[in-house]
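In full-length UniProt numbering, the protein residues as written are 1 to 522.
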């Protein structure tokens with residue numbers, strides 16, 4: 001058989017289907033072979049998408065077979081997740097890979113430990129924010145709070161998108177060869193440095209807009225401080241987290257773990273803590289230089305912005321990142337704007353001494369929601385890439401308004417993972433809340449009524465996010481947009497906005513009904 005032929009194995013009985021560059025060909029089956037393609041077989045493989053046309057004038061059926069290897073990335077799908085074919089001819093030109101259906105237990109087992117690790121990272125970030133909110137720079141330049149969700153959201157805008165993109169590349173075999181790994185690593189690192197610098201700069205402009213324009217007060221020195229702090233933090237954090245993500249994905253691939261289940265939570269576990277610590281340290285250091293050496297702040301801005309053309313040139317030379325370099329700006333910029341609105345809510349809330357206790361919980365509720373929805377979006381995107389559903393401008397998989405019952409209670413593997421992720425919310429948050437209480441962090445006593453309101457906010461946040469993930473990934477796929485590059489920034493930014501908004505609402509309601517702490521603001 002030539003290299004442009006494919007041997008399909010169904011119950012160890014080969015069927016031949018020839019293809020070229022993803023074209024569709026008819027496979028004619030006799031009545032005996034047709035009987036072997038039972039509904040049970042289709043449910044077990046979940047790896048082919050075909051139309052069955054029965055000719056009434058002949059005692060046979062014709063199958064329109066869409067080659068699952070001709071995905072939108074144009075590469076062959078070589079991954080351990082697909083090695084579920086029957087024993088037989090195993091030559092490279094004839095093996096058809098199949099998607100392994102993960103059980104609820106296997107999904108939960110792979111997700112729970114990275115989820116807890118990510119959660120403890122957000123707890124640490126919340127404790128850091130609870131401490132630094134009393135630092136001089138956060139009191140004198142309160143607009144720094146607006147930067148917090150926007151810069152913490154970079155893990156969704158950049159690192160989680162990078163993790164999702166590289167997880168898909170690993171699952172379809174693009175990271176098996178040494179040369180391919182090097183190109184992907186260099187190109188993606190350069191790409192996220194470009195995006196981090198631009199997004200950091202725009203986040204500082206948003207902080208100026210949301211913080212000072214309504215008040216009619218503008219301080220050029222504070223504006224430069226915000227710009228330097230934001231750009232430096234975004235650049236350094238993205239570089240460190242990008243290197244970690246690449247190592248995690250390559251390591252997961254080699255030990256047989258699905259990178260989709262572990263990469264995005266690990267990115268979040270370190271992302272919030274590293275980013276927030278960098279923001280606090282950099283902004284404090286630069287704030288001290290305002291009076292001593294005023295030129296330091298604009299020099300920092302110019303330095304990092306001047307490096308941008310270098311990263312653009314490197315990313316442009318790598319084919320896998322060239323397209324994202326030109327088309328991937330819309331989601332990260334819009335996501336930054338959405339997160340900045342959440343930052344405005346945080347600024348106006350924690351600036352009130354009565355609600356200072358909100359600071360320690362904000363990274364936790366935002367981080368947990370973003371982690372869970374990023375895992376789900378990455379899994380759905382990988383499923384679509386590995387299946388035979390083609391990414392086109394008009395697609396039958398596009399659903400304008402998916403049924404919530406299908407999203408959470410359907411029989412498919414994506415519905416199964418949605419249930420697993422949703423059921424992790426309550427036990428996960430209980431662990432994180434009592435960790436905060438045990439560390440004596442924050443200014444809020446964990447009363448039963450507070451926990452009830454907090455859990456209601458967290459469950460509602462994740463419920464909305466998982467539903468939107470189901471709709472958004474399929475919607476983007478049906479319109480020729482790669483969900484790996486577009487969906488996660490929107491979803492994590494929405495998670496930041498919903499989490500911060502719901503949490504602020506909870507604190508206001510608790511204050512009104514009398515559930516207050518005497519030590520709030522201390």
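Backbone N, C-alpha and C define an ideal beta-carbon position, used for all residues, glycine too.
Bear in mind that the values here come from a model prediction, so they are computed numbers and not experimental data.
Query, Result
"Close-in-space but distant-in-sequence residues of the same chain around residue 195 (CB under 8 Å, 5 per side omitted)", "157, 158, 238, 328, 329 and 332"
"Residue burial classification, residue 301 (beta-carbon count within 10 angstroms, cutoff 16)", "buried"
"Beta-carbon gap between residue 165 and residue 470 smaller than 8 Å", "no"
"Euclidean distance between Cα positions of residue 130 and residue 441", "8 Å"
"Touch test, the region 234 to 250 against the region 212 to 224, Cβ-Cβ under 8 Å, three pairs minimum", "no"
"Of the listed residues 508, 373 and 319, nearest to residue 191 (C-alpha basis)", "319"
"Runs of alpha helix (DSSP H) wholly within the region 391 to 463 (minimum 4 residues, chain order)", "404 to 409, 413 to 423 and 425 to 438"
"Span of the alpha helix (DSSP H), counted from its first residue to its last, around residue 371", "362 to 386"
"Residue 261 beta carbon less than 8 Å from that of residue 420", "no"
"Where residue 195 falls: helix, strand or coil (DSSP)", "helix"
"Expected contact under 8 Å - CB spacing of residue 364 and residue 358 to nearest Å", "Between residue 358 and residue 364 the Cβ distance is about 11 Å, and since that is not below 8 Å, they are no contact."
"Burial state of residue 360 (16 or more Cβ within 10 Å)", "buried"
"Host alpha helix (DSSP H) of residue 110 (start-end)", "104 to 132"
"Proximity of residue 502 and residue 460 at Cβ, strictly below 8 Å", "yes"
"Enclosing alpha helix (DSSP H) for residue 323 [first to last residue]", "319 to 327"
"N-terminal and C-terminal residue of the alpha helix (DSSP H) that residue 233 is part of", "220 to 255"
"Length of the line joining the Cα atoms of residue 369 and residue 412", "22 Å"
"Where residue 159 sits in the DSSP three-state scheme", "helix"
"Option nearest residue 515 by Cα separation, candidates 355, 474 and 362", "355"
"Proximal residues to residue 430 (C-beta, below 6 Å), its chain only, five neighbours per side dropped", "none"
"Residues of its chain near residue 376, where Cβ-Cβ distance is below 7 Å and the 5 sequence neighbours each way are ignored", "417, 418, 421, 466 and 469"
"Where the alpha helix (DSSP H) through residue 293 begins and ends", "Neither: residue 293 is in no alpha helix (DSSP H) and is coded neither H nor E."
"Endpoints, the alpha helix (DSSP H) within which residue 150 is located", "144 to 152"
"Residue burial classification, residue 403 (beta-carbon count within 10 angstroms, cutoff 16)", "exposed"
"Cβ pair count under 8 Å reaching 3, the region 267 to 285 against the region 121 to 128", "yes"
"Pairwise C-alpha distance: residue 212 and residue 366", "25 Å"
"Cα-Cα separation, residue 504 to residue 253", "40 Å"
"Beta-carbon spacing of residue 279, residue 151 below 8 Å", "yes"
"Separation of residue 492 from residue 426, as counted between CA atoms", "19 Å"
"Spatial distance of residue 511 from residue 446 (CA atoms)", "14 Å"
"Short Cβ contact (8 Å threshold) for residue 263 with residue 169", "no"
"Cα-Cα separation between residue 341 and residue 497, rounded to whole angstroms", "7 Å"
"CA-to-CA distance, residue 167 to residue 173, given in whole angstroms", "10 Å"
"Burial state of residue 82, where buried means 16 or more other Cβ atoms lie within 10 Å", "For residue 82, the pLDDT reaches just 36, beneath the cut-off of 50, and the residue's location in the model is therefore unreliable, leaving the point undetermined."
"contact_flag[the region 291 to 307, the region 446 to 455] where n(CB pairs < 8 Å) is 3 or more", "no"
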